[in-house]
Amino acid sequence: MDKKKSLVRLDHPDKRKKKNILKKAGRIITWKNAKKLILYSFFGFFSFALLLFAWFAKDLPSPNKINSRLLSESTKILDREGNLIYEVHGDKNRTVIPFNEMPQNIKNATIAIEDREFYKHRGFSIKGYGRALYYDLIHKDMSQGGSGITQQFVKNALLTREKKLSRKIKELILSIEIELIYSKDDILKMYLNEIPYGSNAYGIEAAAKTYFGKSAKDLSLPECATIAAMAKAPTYYSPFGSHKDKLLERKDLVLNEMVKQEYIEEKETKSAQNEKLTFTRKKESITYPHFVMYVKEKLVEKYGEKLVEEGGLKITTTIDPQKQKIAEEAIAKGTTKVKKYGGSNASLTSIDPKTGQILTMVGSFDYFDDSIDGNVNIAIRDRQPGSSFKPFAYATAWKKDKYGPGMPMFDLKTSFTIGIKDCKNKETYCPENYDEKEHGVQTMRASLAQSLNIPAVKTLYIAGVKDTINTAHDMGITTLNQDPSHYGLSLVLGSGEVKLLDMAGAYGVFANKGEKKDVTPILKVETSKGKVIEEYKDKKGKTAIDPQIAYLMSSVLSDNNARTPIFGSNSPLTLKNRPVAAKTGTTQEWKDAWTIGYTPSLVAGVWVGNNDGKSMSKGADGSFVAAGIWNDYMSKTLAGTTIEKFEKPPGIRTITIDKVTGKKPMQGSETVTDEFPSWYNMEKSQGKTYKINRLDGKLATEDCPNDVIKIIKTPQVQAEIPPGDKAYTQWMEPISRWARSHGYGTMVLPTEYTTLCGVGNQPSVSLSLSSNTIDLGDSVTATAIASAPLGVNKVLFYLDNDLVGTDSSSPYIVSITPSSAGSHRITAKVKDKGANYGQDSNSVYVSGSGSIPGVTLNLSIVGSTSIKAILSGEATASDVMLYFTKNNDSVVADSMTPTGSDGEYVWSGSTSEYKSVYAKASTNKGTITSNTIDLSG
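Each position in the sequence shown, counted from 1, maps to that position plus 500 in my numbering.
Listed below in structure tokens is the structure:
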């Protein structure tokens, strides 16, 4: 028993824990083995780290030679024809100042925003590097930071800005070395004297003079915070660029961080944030400044500030100098009208939709006009687009199989707030049209072409806000990144902000048959040694929308007839003898006015307004203040070029549908014919159309004339969405009222056919004339003998197709005087008391203006004193008269004498006092006039 117990104790789990620490794959590892494993692992890692350090350190510059620099080279930016348009000077503008002359505020501001642990760490932040390594290795994203002040100094002073893991390792090694050699104050001093602040300014002294016109020691607190804010991305945050507002936001962030880190008190922050900053700028010679700065910003994003500022790159851009000149002139020409309507600025950009290349970019009226923030490039800023956003909603809706340009939309005031039907309720969303009118039933084509708001909101509901945003993103819109609920249905009226350049690129997808080409300003990037590091290659783009939808959109936006009821037939949205698609946009309170339009080879967009969002005058809509600029540019740019049409892709169908229901037409219903995509599925119509005789209220027969027929329509008029939709009943409220007022709906209908029309009831009439031949100016008497089973109501007399008389009592007689010579038809039409008609016709010939069928009178000069007239044809004349016109325009008549020959007459005498003569013969067939002879020669 005792042995068994001791054996059990020896084999107890607690005993085993003391002997073994790990069991893996059937093998027991002891504490001794574990210690060896840990030791070897540490030694191996340490050895690897030393080898890695040695490998990268061998090629690194010495931190003791920080002041040894390679000479900087200027980067040249060229237009597409090779002309120099801007040079980024390689010579650095730097003034080194001692540490004690640097304002404490700029030291504190820099540490607060760039490296709050600067005085605590030894050159790098483990947390920052951990984040950067994670993104580098896991997500293959080299854009993550993690660099502190020492590392930023290293990358600017000693290394390139390439975004590679190896560069970050080198940066770490050099940072550690520098931290071992230099004090923290020395490192901060070198940093503040070294790093670029944009505009060729290196170090805080140069930055202070460049941006504020003063020495660094004289900078105020907000000025110090502003310079510190620029260090992260000098080109992007330049106060002379397009993102000045972002710079000021970051300046406030710096001040808030200084409060958090107890460098300043909160009351100082409030004062500094409210202080208005005045930036000084030396006007420099620069061609196409907005475009150049846009290109530079793109290059810095891709290659880093250092390479762009100092690397001697040669950049060939896409800008077209001829087109750019036309764009600048169009903007300048439009200035007067824009300012007249309370606007202070305008922007224009154009793109080749087949390549995505930016051809022109005018960012404002004047880049150097600080009063309008002229340096801000409106072409790349977020602005509300107004109705110019509508095509994205329609294009998305047309992806569905129930919609297309010909589909009817009810332009009736509608509440779009579920649960609130009354538009008078202030809580409801109930948009109105620009003209504050309702336009009844309209096709999608007409609704979009005329920019009607209510159908547009319905279209967005049908398409879906999320899907419409996705379509816009697919086509090149880079904004609208919040949750779809943030925008709501007002998105289609332009409540979301977009960029003019993005809109031009997106409209280019319509122009390019649905294919999206990435918008680019760059053709080629070369190093100073001629090595090409980037070059535009024409390659197939992404299919952003179906080619059929692209064509249908171009068809609608180029349909001037569809647009005319609102914009007129001769608006600036048209180009002479050239198909062009165009859309305008105007935001609420006239803050933004847009026009964007395109041909297959050119798309251009124009924005007009005020940079600060101030409203323009009433009436400053896109079609008025922006369209003129757009038209001027497009007309001149396309002059002399090949006229291109929007090519219809396979699959487009021309279909006739019911104008009101959008379904298969019923007999007698109004129809509309339009183009639809191949996937459109026309639904069968439900309901009927009845023809009622107005006189007895019974069903009309085929013999009933149109003027007694009343059309009763009973199709099933429905809202544009399915009956099960939660908004259906609200949409149906105004539609039902409209349908009832236009004869649609349910009613008691007759079942019997009228007996007032048809065979057996037809009236009869016989027409006689007093003469079948009369002279011009004479009258003919028309007499009708009429009878009708239902009784004669009246007899109507027509000369040709014109009603000339009516008689309601027998005998039915009128006198008719034709106003022109020739053959005329006189008709008597009898109408009975049941609105049946009968008619009879007869002809009368009116001789006058010198004409008788088959008879001619020819006048000629014989010798110097005689005039001869010859009457030919089966007619005899009782007399022939000559009519002479004197030089004073008085007329003298004289008779001619028969010669004895058949139809020949003669006159002799002097004609010197006359300038012309003609003859008139009275014959047994009427009066005939001869030709006129000129006697003045």
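Don't be surprised by glycine CBs; every beta carbon is placed ideally from N, CA and C.
Residue burial classification, residue i (beta-carbon count within 10 angstroms, cutoff 16)
| i | result |
| --- | --- |
| residue 641 | Its pLDDT being 40, under 50, residue 641 is placed unreliably in this model, and the coordinates cannot settle the point. |
| residue 1359 | buried |
| residue 1331 | buried |
| residue 512 | With a pLDDT of only 43 at residue 512, under 50, the local geometry of the prediction cannot be trusted, and no value is derived from it. |
| residue 689 | buried |
| residue 810 | buried |
| residue 1391 | exposed |
| residue 1246 | Below a pLDDT of 50, predicted positions are generally treated as unreliable, and residue 1246, at 46, falls in that range; the measurement from the model is reported next regardless. The residue is exposed, with fewer than 16 neighbouring Cβ atoms inside 10 Å. |
| residue 1303 | exposed |
| residue 1423 | buried |
| residue 1428 | buried |
| residue 568 | In this predicted model, residue 568 has a pLDDT of only 47, less than 50, meaning its place in the structure is not dependable; the value taken from the coordinates is given anyway. Flag for residue 568 reads exposed. |
| residue 705 | buried |
| residue 1158 | buried |
| residue 619 | exposed |
C-beta atoms of residue i and residue j nearer than 8 Å
| i | j | result |
| --- | --- | --- |
| residue 872 | residue 1111 | yes |
| residue 1126 | residue 1084 | yes |
| residue 788 | residue 1096 | no |
| residue 1001 | residue 815 | no |
| residue 1435 | residue 1415 | yes |
| residue 580 | residue 742 | no |
| residue 1268 | residue 1280 | no |
| residue 1021 | residue 791 | yes |
| residue 1147 | residue 1198 | no |
| residue 1235 | residue 916 | no |
| residue 883 | residue 1090 | no |
| residue 1052 | residue 1175 | yes |
| residue 1048 | residue 976 | no |
| residue 812 | residue 575 | yes |
| residue 1078 | residue 1138 | yes |
| residue 913 | residue 954 | yes |
| residue 1400 | residue 1371 | no |
| residue 1383 | residue 1369 | no |
| residue 1178 | residue 1194 | no |
| residue 1086 | residue 947 | no |
Cross-strand partners of residue i (DSSP beta bridge)
| i | result |
| --- | --- |
| residue 1297 | 1305, 1328 |
| residue 594 | 702 |
| residue 1407 | 1367 |
| residue 616 | The partner list for residue 616 (beta bridge, DSSP) is empty, contrary to what the question assumes. |
| residue 1419 | 1382 |
| residue 851 | 858, 1103 |
| residue 1158 | 1171 |
| residue 1337 | 1331 |
| residue 1153 | 1176 |
| residue 1286 | 1265 |
| residue 696 | 702 |
| residue 883 | 998 |
Proximity test, Cβ basis, 8 Å: residue i and chain D
| i | result |
| --- | --- |
| residue 1117 | This model lacks chain D altogether; it includes just one protein chain. |
Requested in this report: Decide yes or no for the touch test of the region 1120-1128 against the region 838-849: beta carbon pairs closer than 8 Å, at least 3 of them.
Outcome: Touching, yes, given that three or more Cβ pairs across the two stretches are closer than 8 Å.
Query raised in the report: Which runs of the alpha helix (DSSP H) spanning at least 4 residues fall entirely within the region 1340-1399, listed in chain order?
Result: Qualifying alpha helix (DSSP H) stretches: none in this window.
Query raised in the report: What are the uninterrupted segments assigned as beta strand (DSSP E) that are 3 or more residues long and contained completely in the region 1061-1118, given in chain order?
Result: Counting only runs of 3 or more, we get 1081-1086, 1092-1099, 1102-1109.
Requested in this report: Count the C-beta pairs between the region 988-1003 and the region 1038-1045 that are closer than 8 Å, then say yes if the count reaches three, no if not.
Outcome: In this structure the region 988-1003 does not lie against the region 1038-1045, because fewer than three pairs of beta carbons, one per stretch, are closer than 8 Å.
Query - Stretch pair the region 976-994 + the region 840-849: three plus CB contacts closer than 8 Å - result: Contact between the region 976-994 and the region 840-849 is absent, with fewer than three C-beta pairs closer than 8 Å.
**Report entry** Any alpha helix (DSSP H) of 4 or more consecutive residues that is wholly inside the region 783-837
**Finding:** List check, alpha helix (DSSP H) in window: 789-803, 805-810.
Requested in this report: Let me know the alpha helix (DSSP H) ranges lying completely inside the region 1211-1284, each 4 residues or longer, listed in chain order.
Outcome: Runs of the alpha helix (DSSP H) lying entirely within the region 1211-1284, each at least 4 residues long, are 1228-1241 in chain order.
Requested in this report: Kindly confirm or deny that the region 818-829 and the region 853-867 touch, where touching means at least three C-beta pairs closer than 8 Å.
Outcome: The region 818-829 vs the region 853-867: in contact.
Query - Ordered list of beta strand (DSSP E) runs contained in the region 997-1053, each at least 3 residues - result: The region 997-1053 contains these whole beta strand (DSSP E) runs: 1022-1026, 1032-1035.
Query raised in the report: Are the region 762-778 and the region 702-721 in contact at 8 Å, needing three or more beta carbon pairs?
Result: Yes, they touch.
Query raised in the report: Taking one C-beta from the region 955-970 and one from the region 861-871 each time, how about it: are there three or more such pairs within less than 8 Å?
Result: When Cβ pairs closer than 8 Å are counted between the two stretches, the region 955-970 is seen not to touch the region 861-871, the count staying below three.
Query raised in the report: Is the number of C-beta pairs between the region 936-948 and the region 1159-1176 that are closer than 8 Å three or more?
Result: By the Cβ rule, the region 936-948 counts as touching the region 1159-1176, because three or more pairs are nearer than 8 Å.
Query raised in the report: If you pair each beta-carbon of the region 727-737 with each one of the region 697-706, do three or more pairs fall below 8 Å?
Result: Per the Cβ contact rule, the region 727-737 is in contact with the region 697-706 (3 or more Cβ pairs under 8 Å).
Report task. Ignoring anything shorter than 4 residues or poking outside the region 947-995, list the alpha helix (DSSP H) runs there in chain order. Result -> Along the length of the region 947-995, whole alpha helix (DSSP H) runs at least 4 residues long occupy 953-963, 965-975, 984-987, reported in chain order.
Report task. Assess, as a yes-or-no matter, whether the region 1182-1189 is touched by the region 1219-1238 under the definition of 3 or more beta carbon pairs within less than 8 Å. Result -> No contact exists between the region 1219-1238 and the region 1182-1189.
Report task. At 3 residues or longer, and completely inside the region 901-949: list those beta strand (DSSP E) runs for me, N to C. Result -> At a cut-off of 3 residues, the continuous stretches assigned as beta strand (DSSP E) that sit fully inside the region 901-949 are 908-911, 940-943.
Requested in this report: Could you tell me whether the region 1284-1295 touches the region 1324-1340, using the rule of 3 or more Cβ pairs below 8 Å?
Outcome: In short, these stretches touch, since the Cβ pair count reaches three.
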